[in-house]
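K.L.:
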Amino acid sequence: MKKKYLEEKIAKGILGALTAIIVLALFSLLGTIVWKGAPSISWEILSQVPKGGYYFGKEGGILNAIVGSAYLAIGAAILAVLISLPVALYMHTHLPCHPRFLEKIRLMLDVLWGVPPIVYGAFGFNLMLLVGWQSSLLAAIITVALLISPIMIRALDESLKHVNVGLTEAALSLGYFRGEIGYKFLLRQTMPGVATAFLLALGKGIGDTASVLFTAGYTDYIPESLAEPAATLPLAVFFQLSSPIPEVKGRAYAAALVLTVIILVISISSRLISRHLSKNRIQ
Amino acid sequence: MSTPAEQLIDEAIIQKDEAKGLHNLIYVKDLNLYYGKSQALKNIELNVRDKGITVLLGPSGCGKTTLLKTFNRLTDLYPDIRTKGSIYFQGENILDKNIDVYALRQKMGLLSQRPYPLPGTIADNIKYALKVRGITNKTEQADLTEHYLKKAAIWEEVKDRLKQPAGRLSIGQQQRLCLARGLSIEPRVILADEPTSALDPISSGKIEEQLMELRKEYSVVLVTHLLRQAKRLADYVVFMYYGEILEKGRPQVVFNEPKNAIFKEYLEVGH
Chain A
23 MKKKYLEEKI AKGILGALTA IIVLALFSLL GTIVWKGAPS ISWEILSQVP KGGYYFGKEG
83 GILNAIVGSA YLAIGAAILA VLISLPVALY MHTHLPCHPR FLEKIRLMLD VLWGVPPIVY
143 GAFGFNLMLL VGWQSSLLAA IITVALLISP IMIRALDESL KHVNVGLTEA ALSLGYFRGE
203 IGYKFLLRQT MPGVATAFLL ALGKGIGDTA SVLFTAGYTD YIPESLAEPA ATLPLAVFFQ
263 LSSPIPEVKG RAYAAALVLT VIILVISISS RLISRHLSKN RIQ
Chain W
135 MSTPAEQLID EAIIQKDEAK GLHNLIYVKD LNLYYGKSQA LKNIELNVRD KGITVLLGPS
195 GCGKTTLLKT FNRLTDLYPD IRTKGSIYFQ GENILDKNID VYALRQKMGL LSQRPYPLPG
255 TIADNIKYAL KVRGITNKTE QADLTEHYLK KAAIWEEVKD RLKQPAGRLS IGQQQRLCLA
315 RGLSIEPRVI LADEPTSALD PISSGKIEEQ LMELRKEYSV VLVTHLLRQA KRLADYVVFM
375 YYGEILEKGR PQVVFNEPKN AIFKEYLEVG H
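Chains as they are written, first to last, in this note's numbering: chain A, 23 to 305; chain W, 135 to 405.
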């Protein structure tokens, strides 16, 4: 009998220790970013573009990357919504009659979700060359939109799964067409899901480095059109961290801190929004 | 004059019924329904009265709801379901793949087990149905909204809060709202699938009262497992058991002189 108690204690100890390691890792990561980034954070860093080149110039800040990342993430998330919403609604209005096909689509989306971002980057780069564009904000927006669309579709899909089939039956029995039911009723019923999916995709889009490495380019300036290259926060970290100049290195940590804070804000607000919207839902 | 499809139905039955002053609206002929590999409905033969309540009675899981859903082809939602046989309604075979199911569904108002108000306000719920009929004029919509809410006996309770979300109504009120919505499409038939099973006795009573009113104008098909409800409401009783119809007839006859042994037992246990 005693052996069982001992086993339980050991198992509990192992599980607790592993959990502690994960939590510790998370906090040491956040700690490092804050530790190294906080001293460099100042109004100048946040409000100025780099002066004298992002790699060598000691003056200036990371405004180019903040604005570039915001443009890129919001543009990509909007484009991804335009792609994902019709796909997700189609999956739940017309495809339930073809369950095998539906399952295959879900599998493919999950595979796409798992494809490393660098592959999307390479794909976007080739697409860019094919149509003869240069590194630009638009190329990056398209690449990131492709990257986050599978995530968004699956997130919408999961939230649409929770809409009761009774609602569809009620609408069908009034004589509504299946497609109409999608955008008239299912969409309204799943608004919290749409908000969550949007923010999830936004967070993924703003933090992704590899997919924009070739497509967005990098610049010291704030892009004024879609055809211009754009700086992004992840690349600001990537390019500036390897600099031998301490001020530039500091800018990299500042960029990392800003990026982390943005992602933290996005994920927390996505939770709050989805909780708030769920309250007003029927059922 | 009967259409070609109706001629396929046993003319003798129709003539016999009409001689008694009975008119039938839906004719189910040799209906078999398979759910995957298992058979859920076996050789169903049934005539549904025009004007009056046809009660589908039987224990849970015996195929009553499935039979009801074949009437407005909601069975299309389930790809595993295959049907054989025919259901004639207004000169068409409902099970024919080429019929306009959207038009069919507008002739069949559905009242489901639980109310499912559509997202939006109370007034919106009626408007959704009116829009399907092509009524877009605002004053006409408002007038008809009042008309149908009155018909479902819920107008007095909601007239001051038509702009509130339908989800805030009590479940009994929601069910009457769904009834009003179903009536707003001006159906020919009302398909009621255990419409009181989720309701308290008072709300159930209100729904039953409405059904008794509506039987004068509509053909009502009511699914229930409650023997007492069947006795209160039925103009025609169909007893189903594991996908088969074991007994059917006028309530005065079947309840007093049941022929089938299983039905007899069901009646005894139900008391």
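All C-beta atoms in this analysis are idealised placements derived from N, C-alpha and C, irrespective of residue type, glycine included.
Only counting the same chain, and skipping five residues up and downstream in sequence, which positions put a Cβ closer than 7 angstroms to that of A162(A)?
P.N.:
Sequence index remark: in the first sequence, residue 162(A) carries index 140 (1-based). Answer for A162(A): L94, V234, T237, A238 and A252, listed in chain order.
K.L.:
Please report how far the alpha carbon of L482(W) lies from the alpha carbon of I336(W), in whole angstroms.
P.N.:
Nothing in the structure corresponds to residue 482(W), since chain W is present only between 135 and 405.
K.L.:
Throw me the rounded Cβ distance for the M23(A) and A102(A) pair, which I believe falls under 8 angstroms.
P.N.:
Here residue 23(A) refers to the residue found at position 1 of the first sequence. Here residue 102(A) refers to the residue found at position 80 of the first sequence. The pair is not a contact, with the Cβ atoms about 58 angstroms apart (cut-off 8 angstroms).
K.L.:
Just the Cα atoms here: how many angstroms apart are D179(A) and S246(W)?
P.N.:
Looking up residue 179(A) in the first sequence gives position 157. Looking up residue 246(W) in the second sequence gives position 112. Between D179(A) and S246(W), the C-alpha separation is close to 25 angstroms.
K.L.:
Less than 9 angstroms between CB atoms is the rule here; does E125(A) satisfy it with respect to chain W?
P.N.:
For the purposes of this step, residue 125(A) is identified with residue 103 of the first sequence, where counting begins at 1. Answer no: the Cβ-Cβ gap between E125(A) and chain W never drops below 9 angstroms.
K.L.:
Are the CB atoms of E351(W) and K185(W) within a distance shorter than 9 angstroms?
P.N.:
Counted from its first residue, the second sequence places residue 185(W) at position 51. Counted from its first residue, the second sequence places residue 351(W) at position 217. Yes, the Cβ-Cβ distance between K185(W) and E351(W) is below 9 angstroms.
K.L.:
Let's test the definition: count the other Cβ atoms within 10 Å of the Cβ of H114(A) and tell me whether it reaches 16, buried, or not, exposed.
P.N.:
The residue labelled residue 114(A) in the question sits at position 92 within the first sequence. So H114(A) counts as buried.
K.L.:
P253(W) versus chain A: which residues are under 7 angstroms apart at the beta carbon?
P.N.:
Here residue 253(W) refers to the residue found at position 119 when the second sequence is read from its first residue. Per Cβ cutoff of 7 angstroms: F207, R210, Q211 and I304.
K.L.:
Rounded to whole angstroms, what is the Cα-Cα separation between C390(W) and K365(W)?
P.N.:
Taking the first residue of the second sequence as 1, we reach residue 390(W) at position 256. Taking the first residue of the second sequence as 1, we reach residue 365(W) at position 231. The question names Cys, but residue 390(W) in the sequence shown is Asn. Those two C-alpha atoms are separated by around 11 angstroms.
K.L.:
Under 8 angstroms: do the segment 187 to 201 of chain A and the segment 260 to 268 of chain A share three or more Cβ pairs, one atom per stretch?
P.N.:
With the cut-off at 8 angstroms, the segment 187 to 201 of chain A and the segment 260 to 268 of chain A do not touch.
K.L.:
To which residues of the same chain is V185(A) closer than 8 angstroms at the C-beta, ignoring the five residues directly before and after it?
P.N.:
By 1-based counting over the first sequence, the position of residue 185(A) is 163. If we look at V185(A) and ignore the five residues flanking it on each side, its Cβ neighbours are H114, L208, Q211 and T212.
K.L.:
Where does Q173(W) sit, in a helix, a strand or coil, going by DSSP?
P.N.:
Here residue 173(W) corresponds to residue number 39 of the second sequence, with the count starting at 1. Strand, per DSSP.
K.L.:
Taking only runs that begin and end inside the segment 176 to 263 of chain W, name each unbroken beta strand (DSSP E) of 3 or more residues, in chain order.
P.N.:
Complete beta strand (DSSP E) runs here, min 3: 186 to 191, 215 to 223 and 242 to 245.
K.L.:
For the alpha helix (DSSP H) containing E250(A), name the first residue and the last one.
P.N.:
As a first step, residue 250(A) is located in the first sequence; it is residue number 228 there, counting from the start. Note, E250(A): premise wrong, no alpha helix (DSSP H); not H, not E.
K.L.:
Using a Cβ-Cβ cut-off of 6 angstroms (strictly less than) and excluding sequence neighbours within five positions of R239(W), which residues of its own chain qualify?
P.N.:
If you number the second sequence from 1, residue 239(W) lands on position 105. Contacts found: N206.
K.L.:
Pull up the DSSP beta-bridge partners for K163(W), would you.
P.N.:
The residue given as residue 163(W) occupies position 29 in the second sequence. Looking at the DSSP assignment, K163(W) forms a beta bridge with S220(W).
K.L.:
Chain A beta carbons: is any one of them nearer than 9 angstroms to that of Y222(W)?
P.N.:
By 1-based counting over the second sequence, the position of residue 222(W) is 88. Y222(W) does not count as touching chain A.
K.L.:
Can you tell me which of the three DSSP states T231(A) falls into?
P.N.:
Taking the first residue of the first sequence as 1, we reach residue 231(A) at position 209. If DSSP states are grouped into helix, strand and coil, T231(A) belongs with coil.
K.L.:
Does any C-beta atom of chain W lie closer than 9 angstroms to the C-beta of P118(A)?
P.N.:
Against the first sequence, residue 118(A) aligns to sequence position 96. At least one chain W Cβ lies under 9 angstroms of P118(A).
K.L.:
For H359(W), which option in I396(W), D234(W), N259(W) and G192(W) has the closest C-alpha, if you only look at C-alpha atoms?
P.N.:
Locating residue 359(W) in the second sequence gives position 225, where the first residue counts as 1. Nearest option by C-alpha distance: G192(W).
K.L.:
Could you compute how far the alpha carbon of D234(W) sits from the alpha carbon of G243(W)?
P.N.:
Mapped onto the second sequence, residue 234(W) falls at position 100. Mapped onto the second sequence, residue 243(W) falls at position 109. For D234(W) and G243(W), the distance between alpha carbons rounds to 16 angstroms.
K.L.:
For the alpha helix (DSSP H) containing F145(A), list its first residue and its last residue.
P.N.:
Taking the first residue of the first sequence as 1, we reach residue 145(A) at position 123. P139 to V153 is the span of the alpha helix (DSSP H), which, as asked, contains F145(A).
K.L.:
In whole angstroms, what is the alpha-carbon distance linking G59(A) and L222(A)?
P.N.:
Residue numbering aside, residue 59(A) sits at position 37 when the first sequence is read from its first letter. Residue numbering aside, residue 222(A) sits at position 200 when the first sequence is read from its first letter. Going from the Cα of G59(A) to the Cα of L222(A) covers about 25 angstroms.
K.L.:
Which residue's Cα is closest to the Cα of S292(A): G201(A), R273(A) and L224(A)?
P.N.:
Residue mapping note: residue 292(A) aligns to position 270 of the first sequence, counting from 1. Closest option to S292(A), Cα to Cα, is L224(A).
K.L.:
Which same chain residues end up closer than 7 angstroms to G79(A) when comparing Cβ atoms and leaving out the 5 residues on each side of it in sequence?
P.N.:
For the purposes of this step, residue 79(A) is taken as residue 57 along the first sequence, with counting starting at 1. Only P72 and K73 meet the Cβ criterion.
K.L.:
The beta strand (DSSP E) with S331(W) in it runs from where to where?
P.N.:
Residue numbering aside, residue 331(W) sits at position 197 when the second sequence is read from its first letter. No beta strand (DSSP E) contains S331(W), which DSSP labels as neither H nor E.
K.L.:
Which word fits M150(A), buried or exposed, when buried means at least 16 other C-beta atoms lie within 10 angstroms of its C-beta?
P.N.:
The count along the first sequence starts at 1 and reaches residue 150(A) at position 128. With 16 or more Cβ atoms within 10 Å of its Cβ, M150(A) is classed as buried.
K.L.:
Check E246(A) in the structure and name its three-state DSSP category.
P.N.:
As a working note, residue 246(A) is residue 224 in the first sequence. E246(A): coil per DSSP, three-state reduction.
K.L.:
Output, in chain order, the set of chain A residues within a Cβ distance shorter than 9 angstroms of R315(W).
P.N.:
For the purposes of this step, residue 315(W) is taken as the residue at position 181 of the second sequence. A192 and L196, listed in chain order.
K.L.:
Can you have a look at G136(A) and say buried or exposed, based on whether 16 or more other CB atoms are within 10 angstroms of its CB?
P.N.:
Position 114 of the first sequence, counted from the start, is the residue given in the question as residue 136(A). Exposed, because fewer than 16 other Cβ atoms sit within 10 Å of the Cβ of G136(A).
K.L.:
So what does F373(W) bridge to, in DSSP terms?
P.N.:
Within the second sequence, residue 373(W) is the residue found at index 239, counting from 1. Bridge partners of F373(W): L191(W) and E381(W).
K.L.:
What residues of chain A sit near S246(W), judged by a beta carbon separation below 7 angstroms?
P.N.:
For this step, residue 246(W) is matched to residue 112 along the second sequence. G188, E191 and A192, listed in chain order.
K.L.:
Please list, in chain order, all residues of the same chain as T137(W) whose beta carbon is under 6 angstroms from its beta carbon, the five residues on each side excluded.
P.N.:
Within the second sequence, residue 137(W) is the residue found at index 3, counting from 1. The predicted model places T137(W) with a pLDDT of 45, which falls under 50 and marks its position as unreliable; any figure quoted below should be read in that light. These residues qualify, in order along the chain: G225.
K.L.:
Would you grab the beta carbon distance between S62(A) and A276(A) for me? Rounded to a whole angstrom, and I think it's under 8 angstroms.
P.N.:
As a first step, residue 62(A) must be located in the first sequence, where it is residue number 40. As a first step, residue 276(A) must be located in the first sequence, where it is residue number 254. The Cβ separation is near 4 angstroms, so the contact holds.
K.L.:
With a cut-off of 9 angstroms, does the C-beta of G243(W) fall near any C-beta of chain A?
P.N.:
If you number the second sequence from 1, residue 243(W) lands on position 109. Closer than 9 angstroms: yes.
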